[in-house]
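Peer 1:
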Amino acid sequence: MEFTEAYKQTGPCCFSPNSRYVAVANDYRLVIRDTFSFQVVQLFSCLDKISYIEWALDSEYILCGLYKKPMIQAWSLTQPEWTCKIDEGPAGISYARWSPDSRHILTTSEFQLRLTVWSLLNTACVHVQWPKHGSKGVSFNQDGKFAAICTRRDCKDYVNLLSCQSWEIMGSFAVDTLDLADLEWSPDDSSIVVWDSPLEYKVLIYSPDGRCLFKYQAYECGLGVKTVSWSPCGQFLAIGSYDQMLRVLNHLTWKTFAEFLHLSTVRAPCSAAIFKEIDEPLQLDMSELSLDENFMPSNYDASEGYISVRYEVMELPVAFPFQKPPADKPNPKQGVGLLAWSKDSQYICTRNDSMPTALWIWDMRHLEVAAILVQKEPIRAAVWDPTCTRLLLCTGSSHLYMWTPSGAFCVCNPLPGFSISDLKWNIDGSCLLLKDKDAFCCATVPSLPESSDYSSDD
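Quick note: the sequence shown, position 220, residue 222 per the working numbering, numbers continuous.
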């Protein structure tokens, strides 16, 4: 892997949809860099510190959320002199997003009073009263023609379907939820999944015309759904729950065909490879060298020398560190809090928040656990390569961890003092963005050969 130098950032960073640019928030400045040379191609000055940025799908425009003002500013890469400012006045702005046509901005006011659609082509705007959530509760179908927006009125949850051409409400139907948490279109646009708040286990599948196709409730009298995700192929719906189980529904009958439990101890028989991160000190005699502290790499330990990490395959049985959440505090750290599908829908990775250092990788073809990665620190983020079956994760250390069906391995970031706390791929898989607390860098990841020979010692 090859790494760029570190660049300063004080907020969000993200690749453009066409993978040509990376946008970086640096206080009140928006910096646009080219992903090939990493030279600054545009620099925009906002009116306040940037809290949020989002690219339009055509990569021509980018918006900045200045939530302290509160205000939205939008910029054009092709017309640097063009600018747009959106201010809702006393209503405020809690969130903003682009429409699929890249020519409309949707903003949600404070206290969810209304959702407003602003046009960049003219001065027209459309209001949707009483949106359920600020940053959630809005989903666009795959071709970008329709938007599903959650609203609540008269103590009842509704789903409104809007045309993304005219922004007229094409239909509205009530949903059988006590407190709707979120919704999402299926990848084939044939259905919409809606799920209830954690206080009520309920997952509902609706057709776009409002017919309830299926109602799923795994259990009662306990905290319910925590994460929901469609597989990229659209054939599976994964549901992570507070009972530490992952359940997978099929799109034909909507029945559960797989249930995976995150055990605190894995015993035989188990065909999965369990990789554990271990330290491997490299004993180097540097007593006669006089180096400035600035030259010391981030993985240097004065007492042990250079610290390298690697994966070791564990023998069964294996017990994982388990954290029992306190019963007197809200939002317990338990259940499936991280869930992500591989590009080919064959694998799904999960993290049970009660065992934050373990990442489980499930094989959907054989309906069994394929591998378990046990880290020294809690897992911060895990992302699949958008082009192949390769998983990358970080734990806030200076190392990057990878898994493929052929094995697992560790890569050290050579930048001194750089701790990887977040990861993002660009859409074509050619570049990976690594975030530290106040800096970021990018890395090029070599493409996998047809027959990968990676191992934990690489």
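By construction, the Cβ of each residue, glycine as well, lies at the ideal position given by its N, Cα and C atoms.
1. Where does Pro451 sit, in a helix, a strand or coil, going by DSSP?
2. Can you look up Trp427 in the DSSP assignment and give me helix, strand or coil?
3. Ignoring anything shorter than 3 residues, give me the beta strand (DSSP E) runs that lie fully in the stretch 8-60, in order along the chain.
4. Is the CB of Ser233 under 8 Å away from at least one CB in chain C?
5. Which same chain residues, not among the five before or five after Ile313, have their C-beta less than 7 Å away from its C-beta?
6. Are Pro14 and Tyr54 close, meaning C-beta to C-beta below 8 Å?
7. By the DSSP assignment, the beta strand (DSSP E) with Asp440 in it spans what residues?
8. Is DSSP giving Gly409 helix, strand or coil here?
9. So, at 8 Å on beta carbons, what are the nonlocal neighbours of Gly339 in its own chain, with the 5 sequence-adjacent residues on each side left out?
10. Classify Phe113 as helix, strand or coil using the three-state DSSP reduction.
11. What does the alpha-carbon distance come out to for the pair Phe5 and Pro451?
12. How would you call Ile429, buried or exposed, if buried means at least 16 neighbouring beta carbons within 10 angstroms?
13. Take Lys326 as the anchor and find which of Pro319, Val320 and Lys335 has the nearest alpha-carbon.
14. For Ala93, which of Phe262, Glu112 and Lys87 has the nearest alpha-carbon?
15. Express the C-alpha separation of Leu395 and Pro283 in angstroms, rounding to a whole number.
16. Below 8 Å on the Cβ atoms is my contact criterion, and I expect Phe262 with Trp427 to pass it. Report the Cβ-Cβ distance as a whole number of Å.
17. Measure the alpha-carbon distance for Ser399 versus Ala27 and round it to whole angstroms.
18. Taking just the CA atoms, how far does Met316 sit from Gly67?
19. According to DSSP, Leu2 sits in a beta bridge with which residue or residues?
20. Under three-state DSSP, which class holds Gly337?
21. Please classify Pro323: does DSSP put it in a helix, a strand, or coil?
22. Rounded to whole angstroms, what's the CA-CA distance from Gly307 to Ile381? Just pull it up for me.
23. From which residue to which residue does the beta strand (DSSP E) around Thr461 run?
24. Can you tell me the Cα-Cα spacing of Leu45 and Arg269, whole angstroms?
25. Given this structure, state the Cα-to-Cα distance separating Ser96 from Gln75, to the nearest angstrom.
26. Return helix, strand or coil for Trp92, following the three-state DSSP convention.
27. When you compare each of Gln348, Val385 and His264 to Ile374 by their alpha carbons, which one comes out closest?
28. With burial defined as no fewer than 16 other Cβ atoms inside 10 Å of the residue's Cβ, what is the status of Glu170: buried or exposed?
29. Can you find the residues in the same chain that come closer than 6 Å, C-beta to C-beta, to Val24, ignoring five residues on each side of it along the sequence?
30. Do Asp181 and Ser199 have their CB atoms nearer than 8 Å?
31. Could you tell me which residues DSSP puts in a beta bridge with Glu170?
32. Exposed or buried, what is Tyr69 when buried is set at 16 or more other beta-carbons lying within 10 Å of its beta-carbon?
33. Looking only at C-alpha atoms, which of Ser347, Val177, Thr446 and Thr109 sits nearest to Lys158?
34. Measuring CA to CA, which of Val385, Leu122, Arg155 and Val376 is closest to Thr267?
35. Residue range of the beta strand (DSSP E) that Glu261 falls in?
Peer 2: Based on what the coordinates show:
1. Pro451 falls in the coil class under three-state DSSP.
2. When secondary structure is reduced to three states using DSSP, Trp427 falls in the strand class.
3. Listed in chain order, the beta strand (DSSP E) runs fully inside the stretch 8-60 are 15-17, 23-28, 31-36, 42-47 and 54-57, counting runs of at least 3 residues.
4. The question asks about chain C, but that chain is absent: this structure has only one protein chain.
5. It is worth fixing the name first, because residue 313 is Tyr in this sequence and not Ile. Only Phe277, Lys278, Glu279, Ala410, Phe411, Cys412 and Ser458 meet the Cβ criterion.
6. In this structure, Tyr54 lies closer than 8 Å to Pro14 by Cβ.
7. No beta strand (DSSP E) holds Asp440; DSSP gives it neither H nor E.
8. Assignment of Gly409 by DSSP, reduced to helix, strand and coil, places it in the strand class.
9. Contacts found: Lys228, Thr229, Gly242, Arg353, Asn354 and Asp355.
10. Residue state, collapsed to three classes: helix.
11. The C-alpha of Phe5 lies about 21 Å from the C-alpha of Pro451.
12. Taking every protein chain shown into account, the CB of Ile429 has fewer than 16 other CB atoms within 10 angstroms, so this residue is exposed.
13. For Lys326, the nearest C-alpha among the options comes from Lys335.
14. Residue Glu112 is the option with its Cα nearest to Ala93.
15. C-alpha separation (whole angstroms): 22 Å.
16. That pair is no contact at about 25 Å.
17. About 23 Å.
18. Pairing Gly67 with Met316, the inter-Cα distance amounts to about 47 Å.
19. The question about residue 2 has no answer, for the chain in this structure spans 3 to 460.
20. Here DSSP, grouped into helix, strand and coil, assigns Gly337 to coil.
21. Coil, per DSSP.
22. For Gly307, the predicted structure reports a pLDDT of 43, less than 50, and the residue's modelled location is therefore unreliable. A value from the coordinates is still provided. Roughly 25 Å between the two C-alpha positions.
23. Outside the displayed range of the chain (3 to 460) lies residue 461, so it cannot be described from this structure.
24. One Cα belongs to Leu45, the other to Arg269, and the distance between them is close to 56 Å.
25. Note on geometry: alpha-carbon atoms of Ser96 and Gln75 lie some 14 Å from one another.
26. Note that residue 92 corresponds to Pro in the displayed sequence, not to Trp. Three-state result, Pro92: helix.
27. Answer by Cα proximity: His264.
28. With fewer than 16 other Cβ atoms inside 10 Å of its own Cβ, Glu170 counts as exposed.
29. For Val24, where only same-chain residues beyond five positions count, the Cβ hits under 6 Å are Phe17, Arg35 and Thr37.
30. The answer is yes: Cβ separation under 8 Å.
31. Glu170 pairs with nothing; no bridge assigned.
32. Looking at its Cβ environment, which holds 16 or more other Cβ atoms inside 10 Å, Tyr69 is buried.
33. Among Ser347, Val177, Thr446 and Thr109, the Cα nearest to that of Lys158 is on Val177.
34. Closest option to Thr267, Cα to Cα, is Val376.
35. First-last of the beta strand (DSSP E) with Glu261: Thr258 to Leu263.
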